[in-house]
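Protein chains in written order, with the UniProt record's numbering: chain Y, 1 to 248; chain C, 1 to 229.
Notes follow the structure.
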């Protein structure tokens, strides 16, 4: 399981099984949500951005927790693969967080009349974005790959302690400053006709995360193992599936 | 003597040494304070001297600048120990690294956070903060700066081996500072408005207890990583 070569070959077979359902669910869920779900009685059609916005935000949070767990696994069991997964999640998670912020702003303009509010939930997602950028920056600052992975693991774990704080800041922030003027739609209050396509895009987004992280991890494996025989063979062979299939 | 029974002695020695070294190198503890004073004095120049506007902004300004000063003070926390080999001796010592790190962070707070809190009423007056906000400002800074010291020490430990750790440290540490800032400045704000301050101060206390319990683990881990490479 820990062997990079084995993982590279295994993940190569796994990729289409993630990419195809991810694409189908994301595109299908969006078409379903955009074209077939009736408009919201209050927000009209503008609510439809939730089919991208909510999955991006949820998966961005989930990805951070996976990154922190991968970091912990690397620190505890010295598993190199966990370090590679941890490093690979950071850019994908940062991108998803940015997507959540961007779609949130696009949605906020027609709904609240403003691109940006210092609402606790929005601010907390912004912090999440900064945490991802911090992990990426810390990783790049080290020359030594192992030290970088360990340092990032510590930072990811410390940052994960911040996530419940961020989560509950919805209540703290406004109970201390001013009454809540913005309420997010809870899952229980959403109509099932809107919920089903949302579940589809959410699942699709998680599969997309898996696919993107695998691609980054595979690139990282090739980079780390670039002096080994199997990587040289792989690069020289024209078949993208690897040298093993050439012989057959 | 067993290693654990000599831990308090070692911690006291570390604490004494840190305070002694800092007292002989005045710039170490004086520069963050100077930074605090100077940056605070920039705001009336930039925003205009209108007393009412300044009074509104004062809690936030004081807390943000205190936070930046604390960050600058923490940056070099382990640098000289790393360069002259003291840090390696700490790692090799039979005593738990936890204790050393705790003592060092405590010393750092005594030399940076406490003077900052004591100095803060002076700047609060300059920024027209109403007198009712003063006690909350001092107490929130006293508690909050201790949390900032612990969080900052984690980032300082992770970046101590890097040549250009300064800017990187701010990237790592500022997101983690945000909850402290929220509760600290809102405590002062509530005090000015005459609302109960205790909830925010209690939260800062909770952060501090969590930081004392868990941050030394992360700091010790960071130091081991930085020394290993």
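Virtual Cβ for every residue (Gly too), placed ideally from N, Cα, C.
Do residue i and residue j have their C-beta atoms closer together than 8 Å?
i, j, result
"residue 153 of chain Y", "residue 71 of chain Y", "yes"
"residue 193 of chain Y", "residue 111 of chain Y", "no"
"residue 88 of chain Y", "residue 225 of chain Y", "no"
"residue 181 of chain C", "residue 139 of chain C", "no"
"residue 32 of chain C", "residue 185 of chain C", "no"
"residue 23 of chain Y", "residue 56 of chain Y", "no"
"residue 25 of chain Y", "residue 200 of chain Y", "yes"
"residue 118 of chain Y", "residue 109 of chain Y", "no"
"residue 192 of chain C", "residue 130 of chain C", "yes"
"residue 137 of chain C", "residue 121 of chain C", "yes"
"residue 206 of chain C", "residue 63 of chain C", "no"
"residue 61 of chain Y", "residue 128 of chain Y", "yes"
"residue 171 of chain C", "residue 222 of chain C", "no"
"residue 57 of chain C", "residue 177 of chain C", "no"
"residue 11 of chain Y", "residue 218 of chain Y", "yes"
"residue 93 of chain Y", "residue 63 of chain Y", "yes"
"residue 71 of chain C", "residue 152 of chain C", "yes"
"residue 158 of chain Y", "residue 73 of chain C", "no"
"residue 229 of chain C", "residue 161 of chain C", "yes"
"residue 206 of chain Y", "residue 91 of chain Y", "no"
"residue 65 of chain Y", "residue 160 of chain Y", "yes"
Cα-Cα, which of the options is closest to residue i?
i, options, result
"residue 110 of chain C", "C/201, C/224, C/226, C/20", "C/20"
"residue 175 of chain C", "Y/142, Y/130, Y/62", "Y/130"
"residue 211 of chain Y", "Y/6, Y/12, Y/19", "Y/19"
"residue 30 of chain Y", "Y/198, Y/78, Y/105", "Y/198"
"residue 224 of chain C", "C/156, C/116, C/7, C/164", "C/156"
"residue 144 of chain Y", "C/44, C/227, C/79", "C/227"
"residue 40 of chain C", "C/54, C/29, C/104, C/27", "C/54"
"residue 124 of chain C", "C/163, C/25, C/84, C/36", "C/36"
"residue 106 of chain C", "C/229, C/222, C/13, C/6", "C/13"
"residue 139 of chain Y", "Y/28, Y/103, Y/84", "Y/84"
"residue 82 of chain Y", "Y/69, Y/142, Y/27", "Y/69"
"residue 79 of chain Y", "Y/163, Y/227, Y/91, Y/3", "Y/3"
"residue 7 of chain C", "C/88, C/97, C/27, C/30", "C/97"
"residue 104 of chain Y", "Y/90, Y/91, Y/126", "Y/126"
"residue 116 of chain C", "C/216, C/69, C/80", "C/69"
Counting C-beta neighbours from all protein chains within 10 Å, is the total for residue i 16 or more, i.e. buried, or is it exposed?
i, result
"residue 65 of chain C", "buried"
"residue 9 of chain C", "exposed"
"residue 232 of chain Y", "exposed"
"residue 93 of chain C", "exposed"
"residue 54 of chain Y", "buried"
"residue 107 of chain Y", "buried"
"residue 51 of chain C", "exposed"
"residue 132 of chain C", "exposed"
"residue 74 of chain Y", "buried"
"residue 47 of chain C", "exposed"
"residue 245 of chain Y", "Note that residue 245 of chain Y has pLDDT 48, beneath the 50 cutoff, so the model's placement of it is unreliable and the number below is only indicative. So residue 245 of chain Y ends up on the exposed side."
"residue 118 of chain C", "exposed"
"residue 76 of chain Y", "exposed"
"residue 38 of chain C", "exposed"
"residue 42 of chain C", "exposed"
"residue 34 of chain C", "exposed"
"residue 183 of chain Y", "Residue placement at residue 183 of chain Y is flagged as unreliable, the pLDDT there being 40, under the threshold of 50; a coordinate-derived value is accordingly withheld."
"residue 215 of chain C", "buried"
Hey, residue i and residue j are a contact pair by Cβ (cut 8 Å); roughly how many whole angstroms apart?
i, j, result
"residue 149 of chain C", "residue 108 of chain C", "5 Å"
"residue 149 of chain Y", "residue 67 of chain Y", "With a Cβ gap of about 12 Å, residue 149 of chain Y and residue 67 of chain Y do not count as contacting."
"residue 18 of chain C", "residue 169 of chain C", "Wrong, their Cβ atoms sit about 20 Å apart, outside the cutoff."
"residue 142 of chain C", "residue 173 of chain C", "Contact doesn't hold; Cβ gap of about 20 Å is too wide."
"residue 291 of chain C", "residue 103 of chain C", "Here chain C covers residues 1 to 229 and nothing more, so residue 291 of chain C does not appear."
"residue 209 of chain Y", "residue 59 of chain Y", "5 Å"
"residue 208 of chain C", "residue 146 of chain C", "5 Å"
Counting along the chain, where does the alpha helix (DSSP H) carrying residue i start and finish?
i, result
"residue 16 of chain C", "7-24"
"residue 179 of chain C", "166-193"
"residue 67 of chain C", "51-75"
"residue 79 of chain Y", "Where residue 79 of chain Y is concerned, there is no enclosing alpha helix (DSSP H), given that its DSSP letter is neither H nor E."
"residue 234 of chain Y", "229-236"
"residue 225 of chain Y", "Counting along the chain, residue 225 of chain Y falls outside any alpha helix (DSSP H), and DSSP gives it neither H nor E."
"residue 224 of chain C", "198-228"
"residue 36 of chain Y", "Premise fails: residue 36 of chain Y is in no alpha helix (DSSP H) and is neither H nor E."
"residue 82 of chain C", "79-84"
"residue 10 of chain Y", "4-31"
"residue 140 of chain Y", "120-141"
"residue 118 of chain C", "97-126"
"residue 159 of chain C", "134-159"
How about residue i: is its C-beta nearer than 8 Å to some C-beta of chain A?
i, result
"residue 127 of chain Y", "Chain labels in this structure do not include chain A; the protein chains are Y and C."
When you measure from the CB of residue i to every non-hydrogen atom of the ligand SAM, does any distance come out below 7 Å?
i, result
"residue 96 of chain C", "The ligand SAM is not part of this structure, which contains no ligands at all."
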